[in-house]
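A.B. asks: Here it is: the structure, laid out below.
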Amino acid sequence: MKRKVATGILVLSILISSLAGCGAAHTDTAAVAGREAATDTEVSAAAQNSEAASEEAQVMDETAEEGNHANGTPWLNSCLIGNVTKDTPTDPKQDFHLFVNKDWILDTELPDGYYSWSNYSAVAKDTMEKAIKMLDGNDLPGHDAKLVQGMFDLYMDVDARNKAGYDPIKGSVEKILAAESLDDIKALYLEPDLKYEVENLMGVSISTGISDADSYYVWISSPGLIMSDSANYLEENEYGTLLHDFNEEIFIYMMDRLGMDRENALTCFQDAIELERKLAPHIYTDEESMRSDFMERVNNVMTLEELTELVNTYPLKEVLEANELGYDGGYIVTDPDYIRCLDGIFTKENATMLKNYILVKFVLNQSSALDEDTMQTVTKLSNQYYGSSGDRPLEEKAFSLVKSILPDSLSKEYIKMYSSEEDRQRVEDMCYRVIDTYHEILSGNDWATPKTIAYALKKLDSMAVHVGWPDKWQDYSGLDIDGLSYYEALKKIGKYNMDLAINLLGTAPDKEMWADDLCVLECNAFYSNSDNSINMIVGMMGSPFYYSDMPVEELYASLGAFWIGHEISHAFDSNGSQYDLEGNLNNWWPEEDFAGFNERVKKMDQYLDGILIMDDYYANGSNIDSEMIADMTGLQCALKMAEKEENFDYAKFFEYYAKMNTSVSLYSVELSQIQGDPHPLDYQRTNVPVQQFDEFYKAFGVTESDGMYLAPEDRLIIW
């Protein structure tokens, strides 16, 4: 078992979160809001609130239209819906991604309720449809099957949720509204029925150590923000404004349902934003969290005594003990300065602001746990603010719920019914072929010293290979949701998962449970620093990424470069290179080699910084260099494999590689990714890697006068 998360709030909204993997650059549903509440709560709205929202959304749209979305250089941002038309010229020598994918881009329409679409989306939808068929109406045997079918049915029972309305949360809201003093706020933090549901100004999780991957620690950090990125509070920007206005309208609608007028609800929301504005200077921005030195910055290990000495008035120790997190082991405090600042927030003068902050965060987190009208309202607002249309089918949202809160139980049942051991073995065999090729790449490196290469090879040989699904799963035999309402079941499952996390403290990670913090039905793959492993999960084992009789060019472009080769390279990118072969943050580099490595990364960053995406938005090299290194090195690996093949069709290979990256997204999704995603936009993930290799130039006749040309001395290969 690698990691299990426990949060300071027992979130009742439905999770559709990205894995820490490499296919997670797309947001297919309303999760673009930065909260899960927008993910699965969707559709018709209260007229008094939607009118104001529509006016604000129109302002947003007009502002966006004033920009020049098609002004990208050196290439058009062809991922943005509307930038490519039938008259847009194509030439593989000028813009390879567009040349390969233009027809797909023009032919692709977003399904109702989606914000982007890609091959990841299509494979994930296929998995989802098979899982829904399994869940809907089939009486599967066994406890796990009973759990997932029971939760699926509870979500699908709209009549029961409509009948309950807002009754499930009225008692909690009344308790929050009754708080007047600082002592009352503290009581909310500690009350058994509320402590997991109210925002206590901290983010808490349980995970392995940064420099001690063999032990679990309690991680203490800052909470999630309504406007997502702390930078959005420090300087007004387009995406921050969108998040603010969207969440404000959801809250006002929900409080109207609870009997509060718009003016008072607006005051509460403004207080919550103002409190977060006070916290924001002490919270890492998204950009800071993507820097290569971030894990070193957050690796502050403390005892409980040292941690509690950071504050005087904020009841830190009492909050931890009330949540069963006061123990004699270690804490990783991601930013001691943030904890120190809580004394200045937790004051008598701020009591009303703290109450309103708790109220806003609590109510927003419930929107997917309530009735159909709330779901419809959130969907309508999502469509207005984000530019989407329609709504996902109810059964898709039910599947998303089950996948998020019972991932192991769902995955076990799916694998029994649909998965192929033969395909699993084929992918595993390919993993070891790619690892063998990495031996050649690392051994042939011409800038690192023998000491560095020797350790890199040792780390490569120590890499764990996980394919498909684990053979050991989380035990849910102690969980029973029979006879519970939807809301009650959500709370019980959430508490059960938190207890599982807390019980990890004092134990060693179980490496057989390598998928315990994710759902293997996600269409993704990832490298894990904490156990030096590549993880090729079953959710990505679908066409076009994998099918059993792939031609060698497609096999190498997908598994060799795009998938397996990409993930292995993360062990040696600007982040993974800081971890040793046992998964600990530990500098194993000679000083001169590390300086040389960083110079190469800096050169890449400078090149990426020059890519104009749209309007006045440029790529940020330091945000996306790790993924770009992985893209390039994966492609380098596949080309090394291709050298051994007779009559290898390089044009077919590169075209299939470009097809892997095809996607379309709404403007709002592009804004979100530019600001807070470590993945480059997909057209960049095609064009920048391919222009590093002579094989591409030869296959398509690229010369110095072409837009895809990059002079040999300017190329960016790291390894």
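With mature numbering (1 follows the signal peptide of the UniProt record, and there is no 0) applied, the sequence shown corresponds to residues -20 to -1, 1 to 699, in that order.
Ideal placement from N, C-alpha and C gives every residue a C-beta, glycine not left out.
Predicted model, so just to flag it, every value in this text is computed and none were measured.
#1: In the DSSP assignment, the alpha helix (DSSP H) including Y196 goes from what residue to what residue?
#2: Is W55 near Y637, with beta carbons less than 8 Å apart?
#3: Measuring alpha carbon to alpha carbon, tell me which residue in I232, G122, E216, T283 is nearest A260.
#4: Three or more C-beta pairs closer than 8 Å, one from the stretch 523 to 539 and one from the stretch 638 to 650: is that the case here?
#5: In the structure shown, what three-state DSSP assignment does I325 receive?
#6: Could you tell me the alpha carbon to alpha carbon distance between E289 and L238, rounded to whole angstroms?
#7: For V644, which residues of its own chain have a beta-carbon under 8 Å away from its beta-carbon, when the five flanking residues on both sides are left out?
#8: Going straight from the alpha carbon of P172 to that of P430, what length do you get?
#9: Excluding sequence positions up to five away, which residues of its chain have a Cβ less than 6 Å from the Cβ of I698?
#10: Going by other Cβ atoms of all chains shown within 10 Å of its Cβ, with 16 needed for buried, is R665 buried or exposed?
#11: State yes or no: is the C-beta of Q129 within less than 8 Å of the C-beta of D686?
#12: Residues in the same chain with beta-carbon distance under 7 Å from P450, minus the five sequence neighbours each way, listed in chain order, please.
#13: Measuring CB to CB, does L181 end up less than 8 Å from L339?
#14: Is the separation between the beta-carbon of L440 and that of L459 shorter than 8 Å?
#15: Enumerate in chain order the residues of its own chain whose CB-to-CB distance from T70 is below 6 Å, with the five nearest sequence positions on each side excluded.
#16: Within 10 angstroms of the Cβ of Y412, are there 16 or more other Cβ atoms? Answer buried if so, exposed if not.
#17: Considering only residues of the same chain and omitting the five flanking positions on each side of M270, which have a CB-CB separation below 6 Å?
#18: If V184 and L305 are in contact, beta carbons under 8 Å, what's the gap, nearest whole angstrom?
#19: So who's on the other strand from G183, going by DSSP bridges?
#20: Grab the span of the beta strand (DSSP E) containing H446 for me, first residue to last.
#21: Can you tell me the Cβ-Cβ gap for residue 705 and P148, rounded? I've got them flagged as a contact below 8 Å.
#22: When DSSP builds the beta bridges, which residues end up paired with N515?
#23: Residues in its own chain within less than 7 Å of H546 by CB, not counting five upstream and five downstream?
#24: Can you tell me whether W453 is buried or exposed? The criterion is at least 16 other CB atoms within 10 Å of its CB, across all chains shown.
#25: Keeping to the same chain, check which residues put their C-beta closer than 8 Å to that of N142; ignore five residues upstream and five downstream.
#26: In this structure, does DSSP put M114 in helix, strand or coil?
#27: Would you check if the stretch 547 to 565 and the stretch 501 to 508 touch, i.e. whether three or more CB-CB distances between them fall below 8 Å?
#28: Just to confirm, are S152 and L120 a CB contact at a threshold of 8 Å?
#29: Is there contact between the stretch 276 to 290 and the stretch 235 to 251, where contact requires at least three CB pairs shorter than 8 Å?
#30: Anyone know if the C-beta pair for L390 and A111 falls short of 8 Å?
#31: According to DSSP, is T354 helix, strand or coil?
#32: For L535, which residues in the same chain have their Cβ closer than 8 Å to its Cβ, ignoring the five residues on either side in sequence?
#33: How big is the Cα-Cα spacing for D323 and G486?
#34: Across the stretch 188 to 199 and the stretch 243 to 252, are there enough close Cβ pairs to call them in contact, namely three or more that are closer than 8 Å?
#35: Give me the Cα-Cα distance between I232 and F634, rounded to the nearest whole angstrom.
#36: What residue range does the beta strand (DSSP E) around L592 cover?
C.D. replies: With the given structure in hand:
#1: For Y196, there is no enclosing alpha helix (DSSP H); the residue is found in the beta strand (DSSP E) stretching over 196 to 201.
#2: no
#3: E216
#4: yes
#5: helix
#6: 40 Å
#7: C59, L60, I61, I85, T88, L90, S96, W97, S98
#8: 58 Å
#9: R580, I609
#10: buried
#11: no
#12: Excluding sequence neighbours, P450 sits near E492, M493, W494, A495.
#13: no
#14: no
#15: L78, F79, K82
#16: exposed
#17: Cβ within range, chain order: N603, P658.
#18: 6 Å
#19: The bridge partners DSSP lists for G183 are S201.
#20: 444 to 448
#21: This structure does not reach residue 705, given that the chain is present from -20 up to 699, and the question cannot be answered.
#22: Bridge partners of N515: H446, F506.
#23: C2, A610, D611, G614
#24: buried
#25: D351, E352, D353
#26: helix
#27: Result yes; three or more Cβ-Cβ pairs closer than 8 Å.
#28: no
#29: no
#30: yes
#31: helix
#32: M410
#33: 30 Å
#34: no
#35: 51 Å
#36: 592 to 594
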